[in-house]
Amino acid sequence: MNVRRALLVLCLAFLPVTSFAIVGADMGITATDSPDPVAPDGNITYTIHVTNAGPATATTAHLNVINNGTLLWQSTAVPAGWTCPAQAVGFGGSFTCTAATLASGSNDTFTIVMNAGKAQFGINDQTINQLFTVNATESDPNSANNNVTVSTSYVAPHADMQVTATDAPDPVAPDGNITYTVNVTNAGPDATTNAAMSVFGNNTLLFQSITVPAGWTCPAVPVGNGGGFTCHAATMGVATSTFTVVLKAAKSQIGVFDQTLNQLFTVGSDWADPVNGNNAVTVQTAYVAPHADLQVTATDAPDPVAPDGNITYTVTVVNAGPDAATNASMSAVNNTLQFQSISVPSGWTCPALSPGQGGAFTCTAATLATPSTSVFTIVLKAAKAQYGPFNQTINEVFVVSNDWSDPVNGNNTASVSTAYVPPSADLQITATDSPDPVFPDGNITYTVTVTNAGPDATTNAQMSAVNNTLKFQSISIPSGWTCPALSAGQGGAFTCTAANLATPSTSVFTIVLKAAQAQYGNSSQTINQVFVVSSDWSDPVNGNNTANVSTAYVTPSVDLSVTATDAPDPVNADGNITYSVAVTNSGPDTGSNVILNVPLNNTLLFQSISAPAGWSCTPPAVNGGTSFSCTASTMAAPTTANFTIVLKAAFSQFGNSNQTISQNFNVNSSASDPNNANNSVVVTTSYVVPQANLAVTNSDAPDPVNSGGTITYTQTITNNGPDAAANAHITESIGSGVTFQSLVSPGGWSCTTPAIGGTGVINCSIASLANAGSASFTVVVNVTAVSGSISNTIAGSSDAADSVPANNSATATTTITPLPTADLGITKSTPTTNAAPGAAVVYTIVLTNHGPDTATSVTMTDTLPATLLFQSISAPAGYVCTTPTVGTTGTISCTGSSLANGATATFTLNVTSVSNANGAIANTASVTGTPSDPTPGNNSQTSSFTAGSADLALSGGSGTSGAFITYTFGLTNGGPSTATGVVFTDTLPPSLLFQSITAPPGFTCTTPPVGTSGTITCTASSFVNGATGTFTIVTTAAPGTTGPINNSAGVSSATSDPNSGNSTFTAPPVTAPATDVPALSTWALMLLAAILGAGALMKMR
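For what it's worth, our numbering labels the leading residue of the sequence shown as 3, then goes sequentially.
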């Protein structure tokens, strides 16, 4: 039994001990404040104790400071093991401090300083409550002690600010100063900060000066400023400060009326005021202004006044007091009257006016004593230009004023009325005409009589002729009158003037005006001419100021007629038509400005004209097609005028179709025509076009033709009648696929061709090709197209109508035989991508004929670069090669007689690189042959490899540290070149388990998972000559491994390695570290002893 217990105890001792958590951590918090109470802007220091009463350790313990933006953070003293957020002084938000763990029984102390800012709490007493809470991850068996609120009294100072003020003098006159004595008192109980005394202004009283007591500052206020301002004291104890403030009662702001001025002063400070009723005072000052009763009276002379007469005004200004007046003014208001002169009394000033200026002005006196009288003599003109010729009343007003109030405003204005009486003149006009009736372009003589029947003489008398349609010819002007200088033919409307016209008086004008046919035409009518008189003065009888004269206008009658005949009729294309045209005037009157019109519309073309005496013509140039006319200034009755006019029926205008040509002739004149029906005639002429049936043929040879060969075209044009073909043409386009070589044309034809070797149009022409006539042409072209067919068309035409247009053109089509082609291609390759300097390189060069035809004279060419040296070449049968000397560079050329469609030819070229070769070496081979190659892009190919060597070497060692086995492999590039595509490999045996690797810069590694075997591969794009690097691989021995452990690593690259023997390294064998035997810990031994002791006690029982 005891043996079994002992074994049980022993087994328990070897079991792992499993820990378990004891649930619950009682977090607690207490806090105190200092000072209490706190003043505005004072700091409160909170001492906070955070405790853990257990039983468990608290994890992620938090101290929460709950703030609502009133108290402002200043600082925090943080106990060990806690972290608090970094925040700016003045921060008003909540924050949390954290401890990762808080052991059971802990009591950690925080000191947090917060500011009770006046900006946040104001100036009234209150209680500040600050909340702190704690919490942790574990459950808390007693949450009641997890928060605490600390209350602090906030006590602000109090200051009873008071203000009193007195004024002097009282009353004050306009523009006088008021001196205010202002007493500002702090009646306590506390001193105050930011004390303020405000002077309120509303732009009535104007600042002059201020006396500021000690400890106070006031703004720099400009003299004359009407706004308010405030003075400040940073601190003010329980005391009184006295200000002396001087303000001006300016007349410009307050005016001239008596009133009371109210001035307000107020005081305040930063702290609460227990008695607000004494914080303001209003001082009242009586404002008393002077009074002056200004009076004005005025008389006029003469009355009535005539136009342009002067009125003299006597104006009396009186100051009846009781006070002297300042800035007194006397104003004349009527600006229609014109200033002439003024007599100014002593003490007054008036503006410097020029005669003729407007009569409104103002005179001023700086002061006007009481009692006093001032007399002005003012002369103003009643200008006729302003008042006109009619009777009326002129009203002039004079006004007085001054700076002070006037107790009697009713006597400040004087209004004077003056009768304005202009002269009166009864102007009269009569007129007669001769002859009556008048004919077109005849003159009318008007006798015009102007009379002034009074009763007064008049000025600026006017006589106007109104009708501007009649044309001025001449005028006889009576004495005392002036008329405009008119030229004969100007419009007949004008005005004559007399500066003065006495009464009674009579003036007679003789006026000659022309009734021009251009204005009045050929229709009989009545001409009305009006004459009007006027003057500057009013006319008591307006009904006799106008004379209206009517004259009969009678036109002549002329019966014009036109007839015409043509010859020949019919007319051929390009033939002339001769027109015989007769123009007759059958009366009864002589015709004037007689016109024969020949309308042309660019169809018939002018050739010549024969006109009778007395007529002038304006025809176009020969072959012109514009209309023209012939004119006779007069044509007696009865007479006839005969014209011969030749016009051409041009083919260019009428074409090759038979048709009728209509030609119109018409006549007119300035006189009326009782029979318009015979004023026009139309002559018709038959237009007949010749007929010519042109036929064209075109043949080619050879057909087919080889590409690059020539084609000869034999072409004919025949006129099968029945008429000759005028202006015969052939046209032929030399276009795509061919170029022009030559042309043989028959006699009489003129030709234009493209340049030899070019393309374009062949044009040949002859003036006329006779009926049954024929012409042959030989055209040679060169074929540039490689396949398909070529079409050539020749077309014939002429000015004659063609009855069979279908045979006017002929086309020859020639088939092209394509040239043979052979698509030769070449490939060049080498298995070598990297080679050491001086190493051999083998190229395989393959020629292929992709057809479709056999290639001949096939040549493969390979020009070696300076870095490659020729060694040998193996060529297929049938090819002959020329090469450089062995060991030298140069061009290799191999030629074969033919290479069939689909056949290939393979060459093997052996070269070596030069001993100092380094970097990429490119070598190009190409192929040529005949016939032409349709795809030249595959006629050459380049093959490249990299020359150089890099001696990559590995070294290293191994060692153990505890359970870890560490391998160190050193990598060196012994050059002479940079190694590219470097790969480091370490395949771990099953006895080694991967843990970690450290590789040199520039290497990227892939590894087996930690704790497994496998291959470690590290790669780098390059490793320069002379570079070194170290790979450190940490492993552990697989469980159960005994004996020595071997591990090898290797390195390779894309660059040739001249010494591959040092590219692998096997580390010294390592013996697997010994495994520790399990042993009991101190706690396990104690538990074992307790169990054994308990067993012994049981046995004793």
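Where is the CB? At the ideal position from N, CA and C, for every residue including glycine.
Can you give me the Cβ contacts of Thr834 inside the same chain, cut-off strictly under 7 angstroms, excluding the 5 residues immediately before and after it? Counting from one through the sequence shown, the residue named residue 834 turns up at place 832. Val843, Phe947.
Going by Cα to Cα distance, which pick from Gln132, Asp458, Thr484 is closest to Met465? Numbered from 1 along the sequence shown, position 463 holds the residue referred to as residue 465. When each option's Cα is compared against that of Met465, the closest is Thr484.
In chain order, what residues of the same chain lie with their CB nearer than 6 angstroms to the CB of Ile24, ignoring the 5 residues before and after it? Counted from its first residue, the sequence shown places residue 24 at position 22. Residue placement at Ile24 cannot be trusted, given a pLDDT of 41 that sits under 50; the coordinates are not used to answer.
Whole beta strand (DSSP E) runs in the region 409–449 with 3 or more residues, listed along the chain? 415–422, 427–436
Span of the beta strand (DSSP E) holding Gln359? Numbered from 1 along the sequence shown, position 357 holds the residue referred to as residue 359. Counting along the chain, Gln359 falls outside any beta strand (DSSP E), and DSSP gives it neither H nor E.
Identity of the residue in Thr453, Thr567, Ser559, Gly593 nearest Asn546 by Cα: Numbered from 1 along the sequence shown, position 544 holds the residue referred to as residue 546. Closest option to Asn546, Cα to Cα, is Thr453.
Tell me whether Val1036, by its Cβ, gets closer than 7 angstroms to a heavy atom of the ligand GDP. This structure lacks the ligand GDP; in fact it carries no ligand of any kind.
Taking the straight line between their C-alpha atoms, what separation do you get for Ala772 and Thr780? Taking the sequence shown and counting its residues from 1, the one referred to as residue 772 is at position 770. Taking the sequence shown and counting its residues from 1, the one referred to as residue 780 is at position 778. Between Ala772 and Thr780, the C-alpha separation is close to 21 angstroms.
Given a threshold of 16 other Cβ atoms within 10 Å of its Cβ, counted over all protein chains shown, does Val543 qualify as buried or as exposed? In the sequence shown, counting from the first residue as 1, residue 543 sits at position 541. With fewer than 16 Cβ atoms within 10 Å of its Cβ, Val543 is classed as exposed.
Considering only DSSP beta bridges, list what Val225 is partnered with. Taking the first residue of the sequence shown as 1, we reach residue 225 at position 223. Val225 pairs with nothing; no bridge assigned.
Identify, in the order they occur along the chain, each residue of the same chain with its Cβ nearer than 6 angstroms to the Cβ of Pro692, setting aside the five sequence neighbours on each side. The count along the sequence shown starts at 1 and reaches residue 692 at position 690. If we look at Pro692 and ignore the five residues flanking it on each side, its Cβ neighbours are Asp725, Ala802.
Quick check: the region 408–416 against the region 430–445, are at least 3 beta-carbon pairs closer than 8 angstroms? no
Rounded C-alpha distance that separates Leu515 from Ile477: By one-based count along the sequence shown, residue 515 stands at place 513. By one-based count along the sequence shown, residue 477 stands at place 475. Those two C-alpha atoms are separated by around 9 angstroms.
Taking 8 angstroms as the cut-off, does the region 552–572 touch the region 605–613 (at least 3 CB pairs, one atom from each stretch)? no
In the DSSP assignment, what residue or residues form a beta bridge with Trp75? Looking up residue 75 in the sequence shown gives position 73. In the DSSP output, where bridge partners are listed per residue, Trp75 has Met116.
Report the start-end ranges of each beta strand (DSSP E) in the region 913–966 that is 3 residues or longer and not cut off at the edges. 921–932, 942–949, 952–963
If you compare alpha carbons, which of Ala90, Asp127, Ser153 is closest to Ile46? Counted from its first residue, the sequence shown places residue 46 at position 44. Nearest of Ala90, Asp127, Ser153 to Ile46, Cα basis: Ser153.
Inspect the CB distances between the region 1013–1026 and the region 787–806 and report whether three or more fall short of 8 angstroms. no
According to DSSP, residues forming a beta bridge with Cys1020: Translated into positions along the sequence shown, residue 1020 becomes position 1018. DSSP output for Cys1020 lists Phe986, Cys1007 as bridge partner(s).
Please state the DSSP three-state secondary structure of Pro807. For the purposes of this step, residue 807 is taken as the residue at position 805 of the sequence shown. It is helical.
Helix, strand or coil for Asn278, going by three-state DSSP, please let me know. For the purposes of this step, residue 278 is identified with residue 276 of the sequence shown, where counting begins at 1. In the structure shown, Asn278 sits in a helix (DSSP, three-state: H, G or I).
Near Gly790, which residues of its chain fall below 6 angstroms by C-beta distance, leaving aside the five closest residues on each side in sequence? Reading the sequence shown from its first residue, position 788 is the one you call residue 790. Taken in chain order, the residues that qualify are Ile818.
In its own chain, which residues sit with a C-beta less than 7 angstroms from the C-beta of Gln342, not counting the 5 before and 5 after it? Taking the first residue of the sequence shown as 1, we reach residue 342 at position 340. Correct list, in chain order: Asn312, Pro357, Val381, Leu382, Lys383.
C-beta contact flag for Phe1067 and Leu956 at 8 angstroms: What you label residue 1067 is simply residue 1065 of the sequence shown in a count that begins at 1. What you label residue 956 is simply residue 954 of the sequence shown in a count that begins at 1. It is a contact, given that the beta carbons lie within the stated cut-off.
Measuring alpha carbon to alpha carbon, tell me which residue in Ile50, Val67, Ala161 is nearest Thr111. In the sequence shown, residue 111 corresponds to position 109, counting from 1. Nearest of Ile50, Val67, Ala161 to Thr111, Cα basis: Ile50.
Beta bridge counterpart(s) of Ile1047 as assigned by DSSP: Here residue 1047 is taken as the residue at index 1045 of the sequence shown, counted from 1. Answer is Val1072, bridged to Ile1047.
What beta strand (DSSP E) runs, 3 residues minimum, are completely inside the region 825–913? 842–854, 857–865, 870–876, 881–884, 893–901
According to DSSP, is Asn149 part of a helix, a strand, or is it coil? Numbered from its first residue, the sequence shown carries residue 149 at position 147. If DSSP states are grouped into helix, strand and coil, Asn149 belongs with the strands.
Strand pairing of Ile719, partner residues [DSSP]: One-based indexing of the sequence shown puts residue 719 at position 717. Answer by DSSP bridge pairing, in chain order: Val698, Ala777.
Touch test, the region 264–275 against the region 215–223, Cβ-Cβ under 8 angstroms, three pairs minimum: no
Assuming contact is defined by CB atoms lying nearer than 8 angstroms, are Asp702 and Tyr715 in contact in what I supplied? For this step, residue 702 is matched to residue 700 along the sequence shown. For this step, residue 715 is matched to residue 713 along the sequence shown. The answer is yes: Cβ separation under 8 angstroms.
Does the Cβ of Gln128 have 16 or more other Cβ atoms within 10 Å, making it buried, or fewer, making it exposed? Against the sequence shown, residue 128 aligns to sequence position 126. By the 10 Å Cβ count, Gln128 comes out exposed.
Backbone secondary structure at Gly500 - three-state DSSP: For the purposes of this step, residue 500 is taken as the residue at position 498 of the sequence shown. For the record, residue 500 in the displayed sequence is Ala; it is not Gly. Correct three-state label for Ala500: strand.
How would you label Asn925, buried or exposed, when you count the other beta carbons within 10 angstroms and need 16 or more for buried? In the sequence shown, counting from the first residue as 1, residue 925 sits at position 923. Asn925 should be labelled buried.
When burial is assigned at 16 or more other CB atoms within 10 Å of the CB, is Pro1080 buried or exposed? Here residue 1080 corresponds to residue number 1078 of the sequence shown, with the count starting at 1. Since pLDDT at Pro1080 reaches only 43, below the 50 mark, its modelled position is unreliable, and the value read off the structure follows with that caveat. Looking at its Cβ environment, which holds fewer than 16 other Cβ atoms inside 10 Å, Pro1080 is exposed.
Could you tell me how far apart the beta carbons of Asp953 and Pro839 are, in whole angstroms, since I believe they sit closer than 8 angstroms? Residue mapping note: residue 953 aligns to position 951 of the sequence shown, counting from 1. Residue mapping note: residue 839 aligns to position 837 of the sequence shown, counting from 1. Contact doesn't hold; Cβ gap of about 13 angstroms is too wide.
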